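Numbering (the numbering used here), first residue to last: 23 to 338.
Below is one structure, written out as structure tokens, with a few remarks after it.
Now the structure itself:
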């Protein structure tokens with residue numbers, strides 16, 4: 023049926039058709055018919071090449087906007103932690119959600135001529151959509167000045183308040199996250215809070231890392247190496263390892279979540295991230311674990327590289 027319609031359409035006079043003879047139309051069909059067996063691949067490749075070119079151009083000229091849009095669209099092929107690691111590698115300031123700056127999804131905010139990438143309020147575990155919308159709506163009227171102001175203007179459940187504080191969404195609105203939690207719990211009397219807030223011991227980096235990993239899915243304000251600073255002693259930065267092919271190196275980093283196609287795991291430090299492949303029979307470390315590795319940087323014929331692990335030790 024398609025063959026008959028094609029031949030008939032080719033014989034239509036201009037402007038409805040090209041005005042071919044029946045013989046010409048049949049010859050053209052015979053040329054097109056076998057192309058259909060493999061022509062889809064060429065069109066598919068062309069379409070993806072166009073998308074890749076446009077994406078690469080935006081990524082090269084507006085990296086912060088590109089990564090913000092990627093993350094706001096719930097990432098893509100990779101885990102959001104990989105895109106966040108890429109943003110941090112490029113020197114982009116990535117921060118946890120904040121009640122005074124964040125939208126529902128990732129948002130770019132200009133601060134002192136620099137772009138700051140804030141996580142979205144939707145990334146906060148157990149925060150209801152109604153609460154997200156209420157926070158944003160109230161903020162349009164005026165920014166929140168402190169915890170009491172937020173609680174007075176937005177009806178939040180206890181767990182929502184705790185998670186907002188713990189993940190950093192109220193940073194700057196109190197002495198510390200620990201002090202804000204104490205205020206929210208009612209451990210300190212409201213009238214005495216300003217005087218006694220300084221007596222609450224601020225949370226440490228390890229506590230912030232644990233809170234953010236649990237509530238946001240990945241730490242943002244703290245890198246796991248900040249909690250284990252000695253792990254990187256006498257180690258080569260990952261950004262430099264790629265320039266030392268096949269040479270023995272010692273590195274320290276954390277395992278980033280994400281799928282590598284079944285080959286090893288993502289390893290990241292503050293400078294770079296890459297795929298690290300352990301020896302046969304050695305399991306990948308858990309996400310966010312800090313590891314010390316001895317190995318070598320290898321590359322295939324296409325220039326794709328990975329860190330081949332010879333020895334790996336989990337720290338902490």
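All C-beta atoms, glycine included, are put in the ideal place defined by N, C-alpha and C.
These numbers were taken from a predicted model, which means no experiment stands behind them.
Residue 329 and residue 261 closer than 8 angstroms at C-beta: One-based indexing of the chain shown puts residue 329 at position 307. One-based indexing of the chain shown puts residue 261 at position 239. Against a cut-off of 8 angstroms, the Cβ pair of residue 261 and residue 329 comes out as no contact.
Hey, out of 269, 325 and 338, whose CA is closest to residue 316's CA? As a working note, residue 316 is residue 294 in the chain shown. Nearest option by C-alpha distance: 269.
Tell me, please, whether the region 234 to 247 touches the region 175 to 190 by the rule of three or more beta-carbon pairs shorter than 8 angstroms. Yes, since at least three Cβ pairs between the region 234 to 247 and the region 175 to 190 fall closer than 8 angstroms, the two stretches touch.
Check each candidate in 28, 321, 285 and 40 and name the one with the smallest Cα separation from residue 306. Taking the first residue of the chain shown as position 1, residue 306 is located at position 284. Ranking the options by Cα distance to residue 306, first place goes to 285.
C-alpha distance - residue 296 paired with residue 143, whole-angstrom precision: As a first step, residue 296 is located in the chain shown; it is residue number 274 there, counting from the start. As a first step, residue 143 is located in the chain shown; it is residue number 121 there, counting from the start. One C-alpha to the other measures close to 29 angstroms.
For the structure I just gave you, are there three or more beta carbon pairs, one from the region 74 to 83 and one from the region 117 to 125, closer than 8 angstroms? no
Does the region 168 to 178 come close enough to the region 192 to 212 that 3 or more CB-CB pairs lie under 8 angstroms? yes
Flag this pair as yes or no: are the beta carbons of residue 304 and residue 253 separated by less than 8 angstroms? Sequence index remark: in the chain shown, residue 304 carries index 282 (1-based). Sequence index remark: in the chain shown, residue 253 carries index 231 (1-based). Pairing residue 304 with residue 253 gives a Cβ-Cβ distance that is not under 8 angstroms.
With DSSP collapsed to three states, give me the class of residue 114. For this step, residue 114 is matched to residue 92 along the chain shown. Reduced to three states, the DSSP call for residue 114 is coil.
Tell me, to the nearest whole angstrom, how far the beta carbon of residue 108 is from that of residue 139; I am working on the premise that it is less than 8 angstroms. On the chain shown, position 86 is the one that residue 108 refers to. On the chain shown, position 117 is the one that residue 139 refers to. Not quite, the Cβ-Cβ distance comes to about 11 angstroms (not below 8 angstroms), so this is no contact.
Segment contact, 8 angstroms Cβ cut-off, at least three pairs: the region 174 to 185 with the region 153 to 164: Three or more Cβ pairs drawn from the region 174 to 185 and the region 153 to 164 lie within less than 8 angstroms of each other, which places the two stretches in contact.
Which residues bound the beta strand (DSSP E) around residue 332? Locating residue 332 in the chain shown gives position 310, where the first residue counts as 1. For residue 332, the enclosing beta strand (DSSP E) stretches over residues 327 to 337.
Here's the rule I'm using: 16 or more other beta-carbon atoms within 10 Å means buried, otherwise exposed. How should residue 54 be labelled? Counting from 1 along the chain shown, the entry for residue 54 is found at position 32. Exposed: under 16 other Cβ atoms inside 10 Å.
Flag residue 227 as yes when its Cβ comes closer than 7 angstroms to any non-hydrogen atom of the ligand GTP, and as no otherwise. The ligand GTP is not among the ligands present in this structure, which contains no ligands whatsoever.
Taking the alpha helix (DSSP H) that residue 28 belongs to, which residues open and close that run? Position 6 of the chain shown, counted from the first residue, corresponds to residue 28. Here the alpha helix (DSSP H) through residue 28 covers 24 to 32.
Bridge partner(s) assigned by DSSP for residue 321: Counted from its first residue, the chain shown places residue 321 at position 299. Answer by DSSP bridge pairing, in chain order: 327.
Give the single residue among 181, 183, 276 and 223 whose Cα lies nearest to the Cα of residue 201. One-based indexing of the chain shown puts residue 201 at position 179. It is 223 whose Cα lies nearest to the Cα of residue 201.
Return the CA-CA distance between residue 150 and residue 127, expressed in angstroms with no decimal places. Here residue 150 refers to the residue found at position 128 when the chain shown is read from its first residue. Here residue 127 refers to the residue found at position 105 when the chain shown is read from its first residue. Roughly 14 angstroms between the two C-alpha positions.
Compute the Euclidean distance between the alpha carbons of residue 147 and residue 78, then round it to the nearest angstrom. Residue mapping note: residue 147 aligns to position 125 of the chain shown, counting from 1. Residue mapping note: residue 78 aligns to position 56 of the chain shown, counting from 1. For residue 147 and residue 78, the distance between alpha carbons rounds to 32 angstroms.
What span of residues does the alpha helix (DSSP H) with residue 68 cover, start to end? Within the chain shown, the letter at position 46 stands for residue 68. From DSSP, the alpha helix (DSSP H) with residue 68 extends over 61 to 83.
Tell me the start and end of each unbroken alpha helix (DSSP H) in the region 253 to 329 that is at least 4 residues and wholly inside, in chain order. 260 to 263
In terms of DSSP beta bridges, what is residue 140 paired with? The residue you call residue 140 lines up with position 118 of the chain shown. The partner list for residue 140 (beta bridge, DSSP) reads 117 and 129.
What does a CB cutoff of less than 7 angstroms around residue 211 pick up in its chain, not counting 5 residues either side in sequence? One-based indexing of the chain shown puts residue 211 at position 189. Residue placement at residue 211 is poorly supported in this model, since its pLDDT is 49, which falls under 50; the coordinates are not used for a value here.
In this structure, how does DSSP classify residue 177 when only helix, strand and coil are distinguished? For this step, residue 177 is matched to residue 155 along the chain shown. The answer is coil: DSSP assigns residue 177 none of H, G, I, E or B.
Should the region 36 to 54 be called in touch with the region 98 to 107, which here means at least 3 C-beta pairs below 8 angstroms? no
Of the residues 105, 111, 154 and 112, the one placed nearest residue 124, counting alpha carbons only: Position 102 of the chain shown holds residue 124. Cα-wise, what sits closest to residue 124 is 154.
Cutoff 7 angstroms; reference residue 44; Cβ partners in own chain excluding five residues on either side: Your numbering for residue 44 matches position 22 in the chain shown. Once the five neighbours on either side are set aside, the close Cβ partners of residue 44 are 29 and 33.
8 angstroms Cβ cutoff met for residue 137 and residue 86: Start at 1 with the first residue of the chain shown, and residue 137 comes out as number 115. Start at 1 with the first residue of the chain shown, and residue 86 comes out as number 64. Going by C-beta atoms, residue 137 is nearer than 8 angstroms to residue 86.
State the start and end residues of the unbroken alpha helix (DSSP H) segment that holds residue 248. One-based indexing of the chain shown puts residue 248 at position 226. Counting along the chain, the alpha helix (DSSP H) containing residue 248 begins and ends at 246 to 249.
Quick one: is residue 280 buried, meaning 16 or more other Cβ sit within 10 Å of its Cβ, or exposed? By one-based count along the chain shown, residue 280 stands at place 258. Burial call: buried.
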